[in-house]
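**Q** Before we start, here is the structure in question, set down as structure tokens.
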Amino acid sequence: MQRRPLAVIQRPRRDTAAAFLTAGTHTPRGRGRQRQREKTSFRPIPKEVDESFDNNLHLLPGSQNFEGPRGAAWPLSVLLPAGGSNPKGVCLGSSKRDLESDVGEGNGKGNGEDGVGEGGESFNLEAAAGGSATNGEALGVESPFPFAVLGTLLLIYVNNQWSRTLLSYLVDFQADPLDVRSKFEFMNVDLSFDASAYSLLASIVFSLLYAFTGVFAGRVVDTREKRNVAAWSCGLWSVATFLQGASQSFEQLAAARVLQGVAQAFCAPAAYSILADAASASRRATANSLYSSGVYLGQALASLSILLDTRIGWRATCAVVGASGLLSAFLPYLSVPATPPASLPSSSSSSPSSEDSSRSLPVVLSFEDEDKASSSSSSSPSSSPSSSVGKGTERRGEADLIEVGENFPEVLQKILSNKVVVLTLIATAFRFAAGFAIGVWKAPLFRALYPEDASTFSLVNAGIVGGAGALSSVGGGLLSDALEKRGQSAAGRALVPAVASLLAAPLWAAVCGGSSFNVAVSLLLVEYLVAECWFGPTIALLQTQVPSSLTGTTQGLFQVTTLFGNALPVLLGAEVARRGQSAEAIAAVVGTSVAAAYVASGIFFALAGAAVASDEAQKEKKSMNG
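For the sequence shown, counting from 1, position 308 maps to 308 in full-length UniProt numbering; every step adds exactly one.
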């Protein structure tokens with residue numbers, strides 16, 4: 001594909017810290033031109049970019065990046081002025097301008113902070129640079145859907161979930177502990193642990209460090225190269241899967257499980273952050289949902305592993321899964337463009353202070369009126385991420401852009417000061433509790449209730465999870481995007497998981513009380529179609545509430561909720577063990593508890609949607625009064 005020049009930057013002269021942004025070969029025409037001398041503040045482009053800088057930036061298709069050194073993709077946000085605010089009066093045109101610049105008003109559509117884009121339309125530089133919208137949207141066109149990037153991340157996530165949930169399909173608490181064949185097929189028989197120990201292994205042992213590492217992992221994603229994080233994470237959890245198969249005791253198995261949890265904690269923050277950069281705002285829930293369908297495809301493979309287990313045993317099955325993960329770890333280097341950290345130091349800490357540095361680093365100027373230089377970025381409604389409306393923009397949270405080096409507790413405080421984020425995280429915790437309890441206890445439940453249908457369950461469950469679960473996940477993203485576009489409100493994104501959770505509660509209770517295997521799996525099919533549409537809309541809702549520089553950290557907080565969610569399977573394991581591990585005990589305990597968690601999740605998702613609607617109504621009222 002032929003590269004399209006995005007911009008040309010002229011290096012500053014020795015005697016002035018000035019640079020001018022010019023847009024390709026198109027000369028836009030603005031109305032209400034005026035010439036005025038204004039203050040300047042600037043941010044240097046990173047030295048690594050400058051070393052191979054040829055004055056021509058090429059927009060990479062389907063991304064918010066331009067091609068930098070060694071083919072690496074650098075975000076357009078490095079061209080933003082210090083502080084991340086939209087540069088008022090940045091010159092867009094094909095001719096070089098003097099420091100006394102012509103300031104375009106956007107052909108009647110823009111404002112003082114817009115230049116002029118293609119065809120005379122308003123062109124918002126912050127949106128083009130990834131401040132709130134993707135480059136394609138900022139130019140008034142839809143960005144190409146990032147199929148290659150999504151496909152790679154999906155394959156990695158499938159292996160992630162396959163290795164994570166494999167454990168649930170390699171146990172049988174009804175098996176004869178003295179049978180040699182049982183030791184070959186089932187790890188609980190071979191390593192001698194009961195239902196209570198299994199519930200710990202499948203939940204808290206994995207999720208304790210997984211959850212706490214998630215916050216740290218999110219910040220790593222925000223400050224490091226995301227492609228490397230995804231690849232190394234995949235490689236490490238694959239090694240841990242190998243080690244599980246080689247374990248000779250419960251303690252060794254638990255240690256391998258902990259390592260697997262720590263490694264997998266880096267996967268989702270890296271993937272969702274990459275997708276947030278690659279997918280346009282109008283397609284973000286769809287992209288997130290397609291990616292999250294990997295949960296169901298991976299669980300389907302785990303279910304089919306029952307068939308593999310009967311032939312090669314549980315240890316060799318772990319080795320097969322680990323080997324597939326090691327192969328997947330190389331995929332990001334084939335299709336995911338290299339990206340630097342989303343945030344860069346501001347000019348206050350990195351501005352050139354000498355003549356040599358001003359000559360060696362190209363800069364991009366923001367122009368502000370003398371009397372507005374100190375206040376416009378903090379008081380103007382149009383400069384906040386949440387107030388960008390119109391073509392090429394999206395709603396963002398009220399949190400200001402935060403530099404990477406800022407105090408981490410302050411970053412968390414900024415995110416958690418958002419009521420919508422807090423309510424969504426609470427709803428997510430209850431939804432994870434329901435989902436994890438099903439994931440941990442579904443296979444033991446069906447083995448206990450219908451032992452003669454174990455092989456049939458393996459195939460049917462794989463079809464339900466991989467087919468109905470993935471279909472529901474993708475459908476939820478499409479529905480969420482449609483509701484958001486139709487109502488122009490992010491509240492529609494919360495409506496999808498709220499309704500789904502409330503409907504799923506009675507369906508799961510019916511699954512546990514099914515009168516026959518056929519009735520139970522039929523109800524399970526309907527339950528998956530209804531319940532599993534929540535993930536993509538939830539991630540997209542969170543992404544509308546925080547600036548793009550904090551998506552990794554927010555995703556890390558999202559993972560912390562898994563710690564609460566994993567507490568339920570542990571409690572269920574203790575109760576099942578207390579009741580004698582009978583089929584009736586499993587059905588009663590799991591059926592009631594999961595239904596209650598679903599109801600709580602639906603209520604908090606509804607409250608989050610109401611909070612979004614309230615915030616948007618207040619903003620609209622302020623804009624009308626102001």
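Here a beta-carbon is modelled for each residue, glycine too, at the ideal position from N, C-alpha and C. Bear in mind the structure is a predicted one, so any value in this text is a computation, not a measurement.
1. Select from Gln-299, Val-421, Gln-555 and Gln-264 the residue whose C-alpha is nearest the C-alpha of Ala-611.
2. Give the secondary structure of Pro-337 by DSSP, where H, G and I count as helix, E and B as strand, and everything else as coil.
3. With distances taken between CB atoms, is the gap from Pro-444 to Ile-306 smaller than 8 Å?
4. Between which two residues does the alpha helix (DSSP H) holding Gly-513 run?
5. Between Phe-432 and Thr-562, how many whole angstroms is the CB-CB distance? I'm expecting something under 8 Å.
6. Within a Cβ cutoff of 8 Å, which residues of the same chain sit near Val-205, ignoring the five residues on either side of it in sequence?
7. Are the segment 444-455 and the segment 579-598 touching, with three or more C-beta to C-beta distances below 8 Å?
8. Check whether chain C comes within 8 Å of Ile-312, counting only Cβ atoms and requiring the distance to be less than that.
9. Going by C-alpha to C-alpha distance, which of Leu-571, Lys-226, Glu-484 and Val-570 sits closest to Thr-551?
10. Assuming Tyr-169 contacts Ala-302 under a Cβ cut-off of 8 Å, what Cβ separation, rounded to an integer in Å, is found between them?
11. Less than 8 Å between C-beta atoms, sequence neighbours within five positions excluded: which residues of the same chain meet that for Ala-574?
12. Mind checking residue 627: buried by the 16 CB within 10 Å criterion, or exposed?
13. Hey, Ser-472 and Cys-533: beta-carbon distance below 8 Å or not?
14. Are the Cβ atoms of Gly-435 and Trp-508 separated by less than 8 Å?
15. Could you name the residues of the same chain whose beta carbon sits closer than 7 Å to that of Phe-186, not counting the 5 residues immediately before and after it, in chain order?
16. Going straight from the alpha carbon of Val-440 to that of Ala-323, what length do you get?
17. Using a Cβ distance threshold of 8 Å, determine whether the segment 463-472 contacts the segment 286-302, with at least three qualifying pairs required.
18. How many whole angstroms separate the CB atoms of Tyr-157 and Ala-319, which I take to be in contact at a CB cut-off of 8 Å?
19. Please determine, among Asn-159, Ala-498, Leu-412 and Glu-620, the residue with the shortest C-alpha to C-alpha distance to Cys-267.
20. Is it buried or exposed for Gln-618, if we count other Cβ within 10 angstroms and need 16 for buried?
21. If you draw a straight line from the C-alpha of Ser-515 to the C-alpha of Leu-607, how long is it?
22. In the DSSP assignment, the alpha helix (DSSP H) including Cys-533 goes from what residue to what residue?
23. Starting from Asn-188, follow the alpha helix (DSSP H) in both directions and report where the run begins and ends.
24. Extract the residue ranges of the beta strand (DSSP E) inside the segment 263-343, only unbroken runs of 3 or more that lie entirely within it.
25. Beta-carbon within less than 7 Å of Leu-326's beta-carbon, same chain only, minus the 5 sequence neighbours each way: which residues are those?
26. Would you tell me roughly how many angstroms separate the C-alpha atoms of Ile-603 and Leu-334, rounded to the nearest one?
27. I'd like the list of long-range same chain contacts for Ala-540, defined as Cβ closer than 7 Å, with 5 residues on each side in sequence excluded.
28. Is Phe-212 helix, strand or coil when you go by DSSP?
29. By the DSSP assignment, the alpha helix (DSSP H) with Pro-409 in it spans what residues?
30. With Ala-276 and Gln-559 assumed to form a contact (beta carbons below 8 Å), what rounded beta-carbon distance in angstroms separates them?
31. In angstroms with no decimal places, state the Cα-to-Cα distance between Val-599 and Ala-246.
32. Quick check: the Cα distance between Ala-329 and Glu-616, rounded to an integer number of angstroms?
33. With DSSP run on the structure shown, which of helix, strand or coil describes Tyr-598?
34. What residue from Asn-228, Thr-456 and Ala-316 has the CA that sits closest to Leu-304's CA?
35. Given the structure, does Arg-224 come close to the ligand GDP, in the sense that its CB is under 7 Å from one of the ligand's heavy atoms?
**A** Reading from the atomic positions:
1. Looking up residue 611 in the sequence shown gives position 611. Taking only the C-alpha atoms, the option nearest Ala-611 is Val-421.
2. The residue labelled residue 337 in the question sits at position 337 within the sequence shown. In this structure, Pro-337 counts as coil in the three-state DSSP scheme.
3. Stepping through the sequence shown from its first residue, residue 444 is reached at position 444. Stepping through the sequence shown from its first residue, residue 306 is reached at position 306. No, these two residues do not count as a Cβ contact at 8 Å.
4. Residue 513 sits at position 513 when you count from the first residue of the sequence shown. Counting along the chain, Gly-513 falls outside any alpha helix (DSSP H), and DSSP gives it neither H nor E.
5. Numbered from its first residue, the sequence shown carries residue 432 at position 432. Numbered from its first residue, the sequence shown carries residue 562 at position 562. That belief holds up - the Cβ atoms of Phe-432 and Thr-562 are roughly 5 Å apart, short of 8 Å.
6. Counting from 1 along the sequence shown, the entry for residue 205 is found at position 205. Once the five neighbours on either side are set aside, the close Cβ partners of Val-205 are Ala-254, Arg-257, Val-258 and Gly-261.
7. yes
8. The structure shown has no chain C; it contains just one protein chain.
9. Translated into positions along the sequence shown, residue 551 becomes position 551. Answer by Cα proximity: Lys-226.
10. As a first step, residue 169 must be located in the sequence shown, where it is residue number 169. As a first step, residue 302 must be located in the sequence shown, where it is residue number 302. Sure, about 5 Å apart at Cβ, within 8 Å.
11. Within the sequence shown, numbered from 1, the residue matching residue 574 stands at position 574. Cβ neighbours of Ala-574 beyond the five flanking positions: Ser-196 and Ser-199.
12. Given that the chain is displayed from residue 1 to residue 626, the structure contains no residue 627 and the question cannot be resolved.
13. Position 472 of the sequence shown, counting from 1, holds the residue named residue 472. Position 533 of the sequence shown, counting from 1, holds the residue named residue 533. Yes, the pair counts as a contact, with Cβ atoms nearer than the cut-off.
14. As a position in the sequence shown, residue 435 is number 435, starting the count at 1. As a position in the sequence shown, residue 508 is number 508, starting the count at 1. Not a contact, by the Cβ cut-off of 8 Å.
15. By one-based count along the sequence shown, residue 186 stands at place 186. Same-chain partners within the cutoff: Leu-170, Val-171, Asp-172, Ala-175 and Trp-314.
16. As a working note, residue 440 is residue 440 in the sequence shown. As a working note, residue 323 is residue 323 in the sequence shown. Going by the C-alpha atoms only, they are around 24 Å apart.
17. yes
18. Mapped onto the sequence shown, residue 157 falls at position 157. Mapped onto the sequence shown, residue 319 falls at position 319. That pair is no contact at about 21 Å.
19. Residue mapping note: residue 267 aligns to position 267 of the sequence shown, counting from 1. Taking only the C-alpha atoms, the option nearest Cys-267 is Asn-159.
20. For the purposes of this step, residue 618 is identified with residue 618 of the sequence shown, where counting begins at 1. Answer is exposed; the Cβ neighbour count stays below 16.
21. In the sequence shown, residue 515 corresponds to position 515, counting from 1. In the sequence shown, residue 607 corresponds to position 607, counting from 1. Each residue's alpha carbon lies about 36 Å from the other.
22. As a first step, residue 533 must be located in the sequence shown, where it is residue number 533. First-last for Cys-533: undefined, no H or E at that position.
23. Here residue 188 refers to the residue found at position 188 when the sequence shown is read from its first residue. Where Asn-188 is concerned, the enclosing alpha helix (DSSP H) stretches over 187-191.
24. none
25. Looking up residue 326 in the sequence shown gives position 326. Result list for Leu-326: Gly-235 and Ser-238, in chain order.
26. If you number the sequence shown from 1, residue 603 lands on position 603. If you number the sequence shown from 1, residue 334 lands on position 334. Going from the Cα of Ile-603 to the Cα of Leu-334 covers about 43 Å.
27. Residue numbering aside, residue 540 sits at position 540 when the sequence shown is read from its first letter. Excluding residues within five positions, the ones whose Cβ falls inside 7 Å are Arg-284, Ala-285, Asn-288, Ser-480 and Arg-493.
28. For the purposes of this step, residue 212 is taken as the residue at position 212 of the sequence shown. Helix.
29. Along the sequence shown, read from residue 1 onward, the residue named residue 409 stands at position 409. 408-416 is the extent of the alpha helix (DSSP H) around Pro-409.
30. Working through the sequence shown from its first residue, we reach residue 276 at position 276. Working through the sequence shown from its first residue, we reach residue 559 at position 559. About 16 Å; that fails the 8 Å criterion.
31. Here residue 599 refers to the residue found at position 599 of the sequence shown. Here residue 246 refers to the residue found at position 246 of the sequence shown. Distance between the alpha carbons of Val-599 and Ala-246 is about 41 Å.
32. Position 329 of the sequence shown, counting from 1, holds the residue named residue 329. Position 616 of the sequence shown, counting from 1, holds the residue named residue 616. Cα to Cα, Ala-329 sits roughly 42 Å from Glu-616.
33. Working through the sequence shown from its first residue, we reach residue 598 at position 598. Helix.
34. Counted from its first residue, the sequence shown places residue 304 at position 304. Checking every option, the nearest Cα to that of Leu-304 belongs to Thr-456.
35. This structure lacks the ligand GDP, and indeed carries no ligand of any kind.
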